[in-house]
Amino acid sequence: MDQPKYIPRSFLPLLSTTLNVGLALGGYVTTTAFSDPNYSGPAIAAWFKDFFKPGFISVTTIGALTFGGGIWSFWSHRSRKDHQRFRAVSWWSLAGLGFTVLHFTFGNQVLSIMDSILSNPDQAQPHMARWISLHITRTLVADVPAWFCYIAALLYEI
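Numbering (this note's numbering), first residue to last: 20 to 177.
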């Protein structure tokens with residue numbers, strides 16, 4: 020008898036984390052140009068003022084989807100202790116969830132840099148190195164590991 024078709028529960032957090040990593044890569048590509056000293060501080064501040072709100076909304080929405088989807092994937096597979104594969108999905112989902120939470124622990128640093136750039140536009144240029152460094156660090160220690168965890172969860176689930 021054919022098994023019923025379904026969308027794997029680990030697919031949502033994988034999809035949203037993939038979007039988050041894509042946004043992170045796009046953010047890196049976009050902001051590294053501003054490390055050029057030829058860009059004035061006020062130009063950088065103006066760009067960040069227009070960029071930050073929609074970027075914040077996108078990242079927060081995607082993060083909420085990843086968080087909710089990660090919890091759903093973890094709990095729905097955790098209760099199915101009858102099969103080792105489901106336990107693996109549950110634990111990979113939990114690991115991805117941990118890295119998703121780690122992403123948001125960088126929030127105060129992000130807001131501090133943004134405040135420095137926007138409150139003193141003439142001095143925005145020196146803060147770009149901090150911004151780029153923080154962005155790379157967060158992407159490599161939180162976003163990419165979460166993505167790999169959700170890939171593993173999906174591979175175990177299918």
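Note that beta-carbon positions come from the ideal geometry of N, C-alpha and C, so glycine has one too.
By the 16-neighbour rule on beta-carbons within 10 angstroms, glutamine 142 is exposed. For serine 59, no alpha helix (DSSP H) segment is defined, and its DSSP state is neither H nor E. Taking a C-beta distance under 8 Å as the contact criterion, arginine 28 and serine 95 qualify as a contact pair.
In the DSSP annotation of this structure, asparagine 139 is not part of any alpha helix (DSSP H), being labelled neither H nor E. For isoleucine 90, the secondary structure class from DSSP, reduced to helix, strand or coil, is helix.
Here the alpha carbons of tyrosine 58 and phenylalanine 30 stand approximately 41 Å from one another. Taking the Cα positions, leucine 137 is about 16 Å away from serine 54. With a cutoff of 8 Å on beta-carbon distance, tryptophan 111 and tyrosine 175 are scored as near each other. Under the three-state reduction of DSSP, phenylalanine 125 is assigned to coil, being neither helix nor strand. CA-CA distance, phenylalanine 71 to arginine 157, rounds to 17 Å.
Assignment of tyrosine 169 by DSSP, reduced to helix, strand and coil, places it in the helix class. For alanine 43, the number of other beta carbons within 10 angstroms of its own is at least 16, and it is reported as buried. Runs of the alpha helix (DSSP H) lying entirely within the region 30-85 and spanning at least 4 residues, in chain order: 30-51. Between the C-alpha atoms of phenylalanine 86 and histidine 154 there is a straight-line separation of about 20 Å.
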